[in-house]
Structures are given as C-alpha cells and as structure tokens.
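Inspection log for the structure reproduced underneath, given as structure tokens.
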Amino acid sequence: MGMEIREQVELAGLTTFGVGGPARFFVEVASEEELVAAWQWARYRGMDLFVLGGGSNLLVRDEGFAGLVVKMSVMGVKELGDGLVEVGAGESWDGFVTYCVERRFAGVECLAGIPGSVGGTPVQNVGAYGQEVSETIEGVRVLDRLTGEFLELGKAACRFRYRESLFNTDVPGRYVVTKVRFKLRVDGEPTLKYAELKQRVGESAVSLAEVARLVREIRRGKGMLIVEGDPDCRSAGSFFKNPVVAEELLERIGGDVPHWPAGEGLVKIPAAWLLEHAGFVKGFGTGTVGISSRHTLALVNRGGATFEDVEKLEWEIVAKVWEKFGVGLVREPVVLG
Ligand SMILES: Cc1cc2nc3c(=O)[nH]c(=O)nc-3n(C[C@H](O)[C@H](O)[C@H](O)COP(=O)(O)OP(=O)(O)OC[C@H]3O[C@@H](n4cnc5c(N)ncnc54)[C@H](O)[C@@H]3O)c2cc1C
3 MGMEIREQVE
13 LAGLTTFGVG
23 GPARFFVEVA
33 SEEELVAAWQ
43 WARYRGMDLF
53 VLGGGSNLLV
63 RDEGFAGLVV
73 KMSVMGVKEL
83 GDGLVEVGAG
93 ESWDGFVTYC
103 VERRFAGVEC
113 LAGIPGSVGG
123 TPVQNVGAYG
133 QEVSETIEGV
143 RVLDRLTGEF
153 LELGKAACRF
163 RYRESLFNTD
173 VPGRYVVTKV
183 RFKLRVDGEP
193 TLKYAELKQR
203 VGESAVSLAE
213 VARLVREIRR
223 GKGMLIVEGD
233 PDCRSAGSFF
243 KNPVVAEELL
253 ERIGGDVPHW
263 PAGEGLVKIP
273 AAWLLEHAGF
283 VKGFGTGTVG
293 ISSRHTLALV
303 NRGGATFEDV
313 EKLEWEIVAK
323 VWEKFGVGLV
333 REPVVLG
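Numbering (our numbering), first residue to last: 3 to 339.
In structure tokens:
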C-alpha cells in the first residue's frame with residue numbers, strides 16, 4: 003500500500019478543542035482506493051477505525067484511541083452543470099462556501115465560517131443562520147464499512163434531521179463519506195431568514211458574497227470563527243444541542259423561555275437560555291475549561307485542558323440544568339476513545 007501508517011500520533015492538535023491522547027495508528031487517505039486499503043488493513047487486524055475530518059466537532063479522550071484513525075483527504079471539486087457540484091470529502095467546508103459564492107451559486111452562503119471538512123457536514127447536518135446543509139445536498143457517496151462497497155445515497159436515504167442524520171444516529175460510523183453532491187441555485191437569491199442577519203442586511207438587495215461576509219462577521223463577534231490567537235475559538239462550536247421538549251413542559255421550565263415549533267406537540271428551546279438561567283453565563287469558570295466569554299453554548303479550552311476537565315464541567319452543567327428545569331442536555335460534539 004502506498005500510504006504511510008504512522009504510530010502514536012497526537013490527535014489534540016488535529017482538533018479545534020485541543021484535548022486528548024494519541025491514535026495508536028494513523029493514516030491519511032487521498033483517494034477511495036487508499037481508503038479501501040486502510041479499511042482492509044484495520045479489518046485484517048480486527049481493529050476499530052475512526053474517520054477524522056477537520057476535527058472541529060470532536061473531543062478525544064485522554065487515553066487516546068486504540069485503533070486506526072483515518073484522516074479524510076479525498077479532494078476535488080467537479081461541476082456537473084446546472085448548479086450540481088460534486089466535492090471531495092476532504093475539502094475545506096468554508097473553502098467550498100467561498101467557491102460557491104464566487105460562482106454565484108446560492109444555498110450555502112449562511113453556512114460561511116463553519117470549520118471542518120465537506121465530508122463532515124452531512125454527518126450532523128450542519129446548520130447556522132437560517133440554512134442547513136441538507137437543503138442543498140443531493141446525494142452522498144460512501145464506503146460501507148460492513149461490506150467494503152461504495153454506495154450512492156440519495157438525500158432521503160441520509161435521513162437528515164436537526165443535527166442528525168443516518169451517519170450519526172441509525173448506524174454511527176458505518177458509512178465513510180468520500181464525496182458529497184450539492185444542488186445549488188445558479189444566480190439564486192441569498193437566504194435571509196435569521197433575524198440578526200436580516201437586520202444587518204436592511205432593506206437593500208444584497209449579494210451572496212455580502213451575506214457570507216456578514217455571517218463571518220457575526221460569527222467572529224461570537225468567537226464562532228476560527229481566528230488565530232482568539233482564545234474563544236478553541237472550542238468544538240456549540241457544546242449542547244437545543245433540546246426538543248413536549249409543549250406541556252414549557253410552563254414548568256419558565257413562562258418566558260423562548261421557543262419555536264418542532265413538530266406536533268413539541269417545541270425547541272435554546273440550550274443557551276437554560277445554561278444562563280442555571281448560572282452558567284459567558285466567561286464562567288476559572289479552570290482550564292470554561293464558557294466562552296462571547297458565546298454561552300461554547301465550552302472552551304483555556305490552555306492545558308484535559309478531556310477529564312471538559313467532562314467535569316459538562317457534568318456540572320448537565321446536572322444543574324436537569325435539577326433546575328428537568329431538561330436533559332445532549333452533547334453535540336463526538337467523543338473519541
Ligand atoms: C468555532 C466553531 C464553530 C462551529 N459552528 C457550527 C455551526 O454553526 N453549525 C454546526 O452545525 N456546526 C458547527 N461547528 C461544528 C463543526 O464545525 C461541524 O460539525 C463540522 O461539520 C464538523 O466537520 P469536521 O470535518 O471537523 O468533522 P470531525 O470533527 O473531524 O468529525 C466529526 C464526526 O464526523 C465524522 N466524520 C467526519 N468526516 C467524515 C467522513 N468523511 N465520513 C464519515 N464520517 C465523518 C467523524 O467520524 C466524527 O464522528 C462549529 C465548530 C467550531 C469549532
């Protein structure tokens with residue numbers, strides 16, 4: 003096999019949060035053939051395999067991972083006409099957004115500034131500022147780790163929901179995404195659904211590029227853009243999902259809790275509101291892990307943090323919110339190890 007399998011490779015530096023131990027084995031794959039070879043290598047040894055994208059939704063445990071970490075580096079952007087674009091899973095997501103905006107392809111402009119890889123976006127159906135990636139994904143090419151075969155999964159088969167898909171719920175880890183096909187709106191109008199974004203745009207007509215710029219600006223203000231030297235962006239983005247609860251629970255939680263419909267008899271409530279009203283405000287914590295000074299939902303590594311430190315604060319928050327509101331918070335980032 004042409005690729006190099008390395009041993010005891012530190013993973014913390016390959017994640018945005020920056021905690022955790024090494025991978026027992028590590029390999030970077032630049033093609034589907036290399037991916038299959040890596041999969042066979044691990045299978046032959048009865049070893050677990052984990053696919054790493056940009057490491058921006060990932061926390062590694064302190065003891066590391068005893069299997070093979072496969073760093074996804076399948077590249078390439080291929081236009082198939084009429085706004086259909088096939089993109090290698092290893093491409094940078096934000097780079098792809100810039101590409102679309104430059105080509106005047108609408109549909110992903112509000113997702114500007116989200117770190118990580120293209121292949122990582124279908125996994126948790128990435129969303130922000132009024133768009134979700136599932137709105138523009140037409141299909142996904144995957145390696146099925148059970149059979150070793152490649153499959154083309156259409157959008158319906160991906161079973162996209164809020165921060166969920168086939169890939170992170172039904173059969174987590176079974177499918178390795180190698181390519182994603184997007185259907186974008188050629189010369190389309192930008193999506194302006196999110197209140198803060200609408201307000202910044204005002205009444206005038208605005209280009210896709212301007213919307214992407216404004217989104218990055220808003221994100222930067224919240225420490226949700228990776229900026230070298232910004233201590234608030236050493237995070238994994240939002241740490242908790244916004245809980246979906248039965249409507250009847252609203253009163254118990256508190257009459258003034260903001261909420262929006264989430265299916266029959268259900269409402270979604272902002273996890274940030276729960277945290278703030280349970281005492282976990284911006285800047286909380288004096289240790290190595292705390293809450294971002296600009297975004298309540300982001301736990302940040304203030305330097306020298308371990309996974310154990312993260313877990314300690316996580317449990318403290320989850321327990322307090324449960325005690326106060328009877329709502330169970332669910333972690334958004336993936337934990338490896
Ligand atoms: C500052 C900051 C802001 C963020 N803002 C947002 C936001 O606004 N909205 C949002 O939804 N998310 C946000 N995130 C979270 C994160 O950026 C996204 O979830 C991103 O899509 C993760 O992609 P990744 O390549 O970094 O995945 P990784 O962190 O490397 O992996 C995450 C999971 O996806 C799996 N995975 C990755 N690539 C593949 C593949 N090719 N095939 C199969 N499985 C794969 C991994 O195995 C793992 O289970 C933010 C994160 C940070 C640090």
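The beta carbon of each residue, even a glycine, is placed where N, CA and C say it ideally should be.
Query, Result
"Pop quiz: GLY150 and VAL246 are said to be a contact at Cβ under 8 Å. What is the actual Cβ separation, rounded to whole angstroms?", "Rounded, the Cβ-Cβ distance is 36 Å, inconsistent with contact."
"For the beta strand (DSSP E) that contains ASP345, what are its first and last residues?", "Outside the displayed range of the chain (3 to 339) lies residue 345, so it cannot be described from this structure."
"Can you check which of these residues, ILE220, LEU54, ASP64 and GLY69, is closest to ARG26 by C-alpha distance?", "GLY69"
"Output needed for ASP189: all residues of its chain with C-beta closer than 7 Å, excluding positions within five of it in sequence on either side, in chain order.", "ARG106"
"If you compare alpha carbons, which of GLY141, VAL269, PRO192 and LEU186 is closest to SER167?", "GLY141"
"By Cβ distance below 6 Å, which residues in the same chain neighbour VAL143 in space, the five residues on each side in sequence not counted?", "The question names Val, yet the displayed sequence has Arg at residue 143. Only GLU154, THR180 and LYS181 meet the Cβ criterion."
"Check this for me: beta carbons of LEU61 and VAL337, under 7 Å apart or not?", "yes"
"Return the Cβ separation of CYS160 and PRO124 in integer angstroms, given the expectation that the two are a contact with Cβ distance under 8 Å.", "6 Å"
"Grouping DSSP H, G and I as helix and E and B as strand, with all else coil, what is PHE309?", "helix"
"Buried or exposed: which applies to GLY92, given that a residue is buried once 16 or more other Cβ atoms fall within 10 Å of its Cβ?", "buried"
"Could you tell me which whole beta strand (DSSP E) segments of length 3 or greater appear in the region 68-130?", "79-83 and 86-90"
"Any heavy atom of ligand 1 closer than 6 Å to the Cβ of SER294?", "no"
"Does any heavy atom of ligand 1 sit closer than 6 Å to the C-beta of VAL178?", "yes"
"Going by the CB atoms, is the gap between MET77 and GLY55 shorter than 7 Å?", "no"
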